[in-house]
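What follows is a set of notes on a single structure, which appears directly below.
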(Lines of atoms letter the chains of each structure in order from A and count residues from 1; the text may use other names and numbers.)
(Lines give C-alpha, C1' and ligand atoms only; values in the text may rest on other atoms or scores of the structure.)
Protein backbone atom coordinates (compact mmCIF):
# COMPACT_ATOMS: atom_id res chain seq x y z
CA UNK A 1 0.00 0.00 0.00
CA UNK A 2 2.84 2.40 0.85
CA UNK A 3 4.43 1.84 -2.58
CA UNK A 4 1.10 2.59 -4.27
CA UNK A 5 0.69 5.79 -2.23
CA UNK A 6 4.24 6.84 -3.20
CA UNK A 7 3.44 6.17 -6.87
CA UNK A 8 0.29 8.33 -6.66
CA UNK A 9 2.23 11.16 -5.01
CA UNK A 10 5.06 10.95 -7.56
CA UNK A 11 2.61 10.84 -10.48
CA UNK A 12 0.74 13.91 -9.20
CA UNK A 13 3.97 15.87 -8.71
CA UNK A 14 5.77 14.93 -11.91
CA UNK A 15 3.07 13.61 -14.25
CA UNK A 16 3.72 10.70 -16.57
CA UNK A 17 3.12 7.08 -15.66
CA UNK A 18 4.55 5.12 -12.72
CA UNK A 19 4.73 1.31 -12.67
CA UNK A 20 4.64 -0.86 -9.56
CA UNK A 21 5.73 -4.47 -10.10
CA UNK A 22 3.33 -7.04 -8.64
CA UNK A 23 3.16 -10.84 -8.84
CA UNK A 24 3.48 -13.04 -11.92
CA UNK A 25 5.34 -10.46 -14.00
CA UNK A 26 2.52 -7.91 -13.94
CA UNK A 27 2.59 -4.28 -12.85
CA UNK A 28 0.11 -1.63 -11.74
CA UNK A 29 0.29 1.46 -13.96
CA UNK A 30 -0.54 4.75 -12.22
CA UNK A 31 -1.19 7.57 -14.70
CA UNK A 32 -3.52 10.50 -15.37
CA UNK A 33 -6.18 8.13 -16.68
CA UNK A 34 -6.23 6.06 -13.47
CA UNK A 35 -4.97 2.58 -12.60
CA UNK A 36 -4.44 -0.43 -14.83
CA UNK A 37 -2.90 -3.86 -14.40
CA UNK A 38 -0.41 -4.28 -17.24
CA UNK A 39 2.28 -6.61 -18.50
CA UNK A 40 5.47 -4.49 -18.53
CA UNK A 41 6.60 -6.33 -21.68
CA UNK A 42 3.63 -4.77 -23.48
CA UNK A 43 4.47 -1.19 -22.47
CA UNK A 44 6.37 1.53 -24.28
CA UNK A 45 6.53 5.14 -23.11
CA UNK A 46 7.23 8.34 -24.96
CA UNK A 47 8.81 10.39 -22.22
CA UNK A 48 11.43 12.56 -23.91
CA UNK A 49 8.79 14.15 -26.13
CA UNK A 50 7.36 16.12 -23.25
CA UNK A 51 10.62 17.99 -22.64
CA UNK A 52 12.52 17.72 -25.93
CA UNK A 53 10.62 19.40 -28.77
CA UNK A 54 12.90 18.00 -31.51
CA UNK A 55 12.52 14.45 -30.25
CA UNK A 56 8.76 14.92 -29.81
CA UNK A 57 8.39 16.35 -33.31
CA UNK A 58 10.30 13.40 -34.77
CA UNK A 59 8.13 11.10 -32.70
CA UNK A 60 8.59 7.63 -31.38
CA UNK A 61 8.50 4.51 -33.50
CA UNK A 62 6.00 1.99 -32.15
CA UNK A 63 6.44 -1.64 -33.21
CA UNK A 64 2.90 -2.53 -32.20
CA UNK A 65 3.20 -6.22 -33.19
CA UNK A 66 6.44 -7.13 -31.44
CA UNK A 67 7.54 -4.44 -29.03
CA UNK A 68 4.44 -3.23 -27.23
CA UNK A 69 0.68 -3.39 -27.31
CA UNK A 70 0.24 -0.24 -25.21
CA UNK A 71 1.92 3.13 -25.66
CA UNK A 72 1.62 5.90 -23.05
CA UNK A 73 1.88 9.42 -24.49
CA UNK A 74 1.21 12.56 -22.44
CA UNK A 75 -1.19 10.71 -20.14
CA UNK A 76 -3.02 9.07 -23.06
CA UNK A 77 -2.79 5.33 -23.61
CA UNK A 78 -2.78 3.96 -27.16
CA UNK A 79 -3.56 0.28 -27.64
CA UNK A 80 -3.24 -1.90 -30.74
CA UNK A 81 -5.17 -5.16 -31.08
CA UNK A 82 -5.04 -7.55 -34.04
CA UNK A 83 -8.48 -9.07 -34.77
CA UNK A 84 -10.21 -11.15 -37.42
CA UNK A 85 -12.29 -8.97 -39.74
CA UNK A 86 -15.32 -11.25 -39.27
CA UNK A 87 -15.31 -10.45 -35.54
CA UNK A 88 -15.66 -6.70 -36.11
CA UNK A 89 -17.92 -6.45 -39.17
CA UNK A 90 -20.87 -5.17 -37.14
CA UNK A 91 -18.95 -3.63 -34.25
CA UNK A 92 -19.76 -0.05 -33.40
CA UNK A 93 -16.74 2.24 -33.44
CA UNK A 94 -16.31 4.76 -30.66
CA UNK A 95 -14.80 8.20 -31.18
CA UNK A 96 -11.55 7.05 -29.59
CA UNK A 97 -10.99 3.94 -31.70
CA UNK A 98 -10.49 3.05 -35.33
CA UNK A 99 -10.07 -0.10 -37.38
CA UNK A 100 -7.43 -0.41 -40.11
CA UNK A 101 -6.76 -3.21 -42.61
CA UNK A 102 -3.83 -5.15 -41.13
CA UNK A 103 -2.36 -5.77 -44.59
CA UNK A 104 -2.05 -2.00 -45.19
CA UNK A 105 -0.69 -1.11 -41.77
CA UNK A 106 3.09 -1.29 -41.37
CA UNK A 107 4.49 -3.10 -38.35
CA UNK A 108 6.09 0.13 -37.14
CA UNK A 109 3.90 3.20 -36.63
CA UNK A 110 5.20 6.60 -35.57
CA UNK A 111 3.53 8.56 -32.77
CA UNK A 112 4.52 12.21 -32.74
CA UNK A 113 3.42 15.77 -32.05
CA UNK A 114 1.45 17.92 -34.45
CA UNK A 115 3.62 20.16 -36.61
CA UNK A 116 2.62 23.31 -38.49
CA UNK A 117 1.81 22.41 -42.09
CA UNK A 118 0.79 18.79 -41.35
CA UNK A 119 -1.89 17.47 -43.69
CA UNK A 120 -3.89 14.28 -44.00
CA UNK A 121 -6.58 12.88 -46.27
CA UNK A 122 -9.65 12.32 -44.07
CA UNK A 123 -11.68 9.15 -44.57
CA UNK A 124 -13.89 9.33 -47.70
CA UNK A 125 -12.57 12.80 -48.57
CA UNK A 126 -11.24 13.66 -52.01
CA UNK A 127 -8.63 16.15 -50.83
CA UNK A 128 -6.07 16.51 -48.07
CA UNK A 129 -6.81 18.81 -45.14
CA UNK A 130 -4.53 20.70 -42.77
CA UNK A 131 -4.46 19.30 -39.26
CA UNK A 132 -4.68 22.88 -38.01
CA UNK A 133 -8.11 23.13 -39.68
CA UNK A 134 -9.21 19.81 -38.17
CA UNK A 135 -8.17 21.04 -34.71
CA UNK A 136 -9.90 24.39 -35.27
CA UNK A 137 -13.13 22.71 -36.43
CA UNK A 138 -13.06 20.55 -33.27
CA UNK A 139 -12.33 23.62 -31.10
CA UNK A 140 -9.02 22.19 -29.85
CA UNK A 141 -6.84 25.02 -28.50
CA UNK A 142 -3.17 25.56 -29.32
CA UNK A 143 -1.87 24.27 -26.00
CA UNK A 144 -3.92 21.08 -26.24
CA UNK A 145 -2.77 20.52 -29.86
CA UNK A 146 0.82 20.33 -28.63
CA UNK A 147 -0.07 17.27 -26.54
CA UNK A 148 -2.31 15.55 -29.10
CA UNK A 149 -0.83 12.34 -30.54
CA UNK A 150 -0.51 12.13 -34.32
CA UNK A 151 -0.35 8.53 -35.57
CA UNK A 152 1.65 8.00 -38.78
CA UNK A 153 2.35 5.09 -41.12
CA UNK A 154 5.58 6.17 -42.75
CA UNK A 155 5.05 9.72 -44.00
CA UNK A 156 1.23 9.39 -43.97
CA UNK A 157 -0.81 10.68 -41.04
CA UNK A 158 -3.43 7.99 -40.50
CA UNK A 159 -5.21 9.02 -37.30
CA UNK A 160 -5.80 11.89 -34.92
CA UNK A 161 -7.37 9.98 -32.01
CA UNK A 162 -10.87 11.17 -31.22
CA UNK A 163 -10.91 13.58 -34.17
CA UNK A 164 -10.20 12.17 -37.62
CA UNK A 165 -8.97 9.04 -39.34
CA UNK A 166 -7.42 8.93 -42.78
CA UNK A 167 -8.50 7.09 -45.89
CA UNK A 168 -5.37 4.98 -45.39
CA UNK A 169 -6.01 1.35 -44.44
CA UNK A 170 -9.72 1.24 -45.27
CA UNK A 171 -11.25 -2.08 -44.17
CA UNK A 172 -12.85 -3.68 -47.24
CA UNK A 173 -14.97 -6.82 -47.57
CA UNK A 174 -11.94 -8.97 -48.40
CA UNK A 175 -9.93 -8.00 -45.33
CA UNK A 176 -8.79 -11.01 -43.33
CA UNK A 177 -7.38 -9.22 -40.30
CA UNK A 178 -7.88 -5.75 -38.90
CA UNK A 179 -6.02 -3.70 -36.34
CA UNK A 180 -8.05 -1.90 -33.71
CA UNK A 181 -6.29 1.23 -32.48
CA UNK A 182 -7.79 2.66 -29.31
CA UNK A 183 -6.85 5.81 -27.40
CA UNK A 184 -7.81 6.36 -23.78
CA UNK A 185 -7.63 10.03 -22.83
CA UNK A 186 -6.91 11.27 -19.28
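In the numbering used here, the protein residues as written are 69 to 254.
Every residue, glycine too, gets a C-beta built ideally from N, C-alpha and C.
Here's the rule I'm using: 16 or more other beta-carbon atoms within 10 Å means buried, otherwise exposed. How should residue i be labelled?
| i | result |
| --- | --- |
| residue 204 | exposed |
| residue 89 | exposed |
| residue 177 | buried |
| residue 157 | exposed |
| residue 134 | exposed |
| residue 77 | exposed |
| residue 137 | buried |
| residue 69 | exposed |
If you drop the 5 nearest sequence neighbours on each side, which residues of the same chain put their C-beta closer than 8 Å to that of residue i?
| i | result |
| --- | --- |
| residue 196 | 187, 188, 189 |
| residue 193 | 235 |
| residue 260 | This structure cannot speak to residue 260, because the chain is shown only from 69 to 254. |
| residue 214 | 181, 182 |
| residue 198 | 185, 186, 187 |
What did DSSP end up calling residue i once you bin it into helix, strand or coil?
| i | result |
| --- | --- |
| residue 153 | helix |
| residue 273 | Residue 273 is absent from the structure shown; the chain starts at 69 and stops at 254. |
| residue 163 | coil |
| residue 72 | helix |
| residue 253 | coil |
| residue 129 | strand |
| residue 211 | helix |
Taking 8 Å as the threshold (C-beta atoms), are residue j and residue i in contact?
| i | j | result |
| --- | --- | --- |
| residue 168 | residue 247 | yes |
| residue 225 | residue 237 | no |
| residue 179 | residue 131 | no |
| residue 251 | residue 146 | yes |
| residue 153 | residue 244 | yes |
| residue 209 | residue 163 | no |
| residue 94 | residue 166 | no |
| residue 171 | residue 150 | no |
| residue 232 | residue 127 | no |
So is the beta-carbon of residue i under 7 Å away from any non-hydrogen atom of the ligand COA?
| i | result |
| --- | --- |
| residue 146 | Ligands are entirely absent from the displayed structure, and the ligand COA is therefore not among its contents. |
For residue i, which residues from the same chain have a beta carbon less than 6 Å from its beta carbon, with the 5 sequence-adjacent residues on both sides left out?
| i | result |
| --- | --- |
| residue 129 | 176, 178 |
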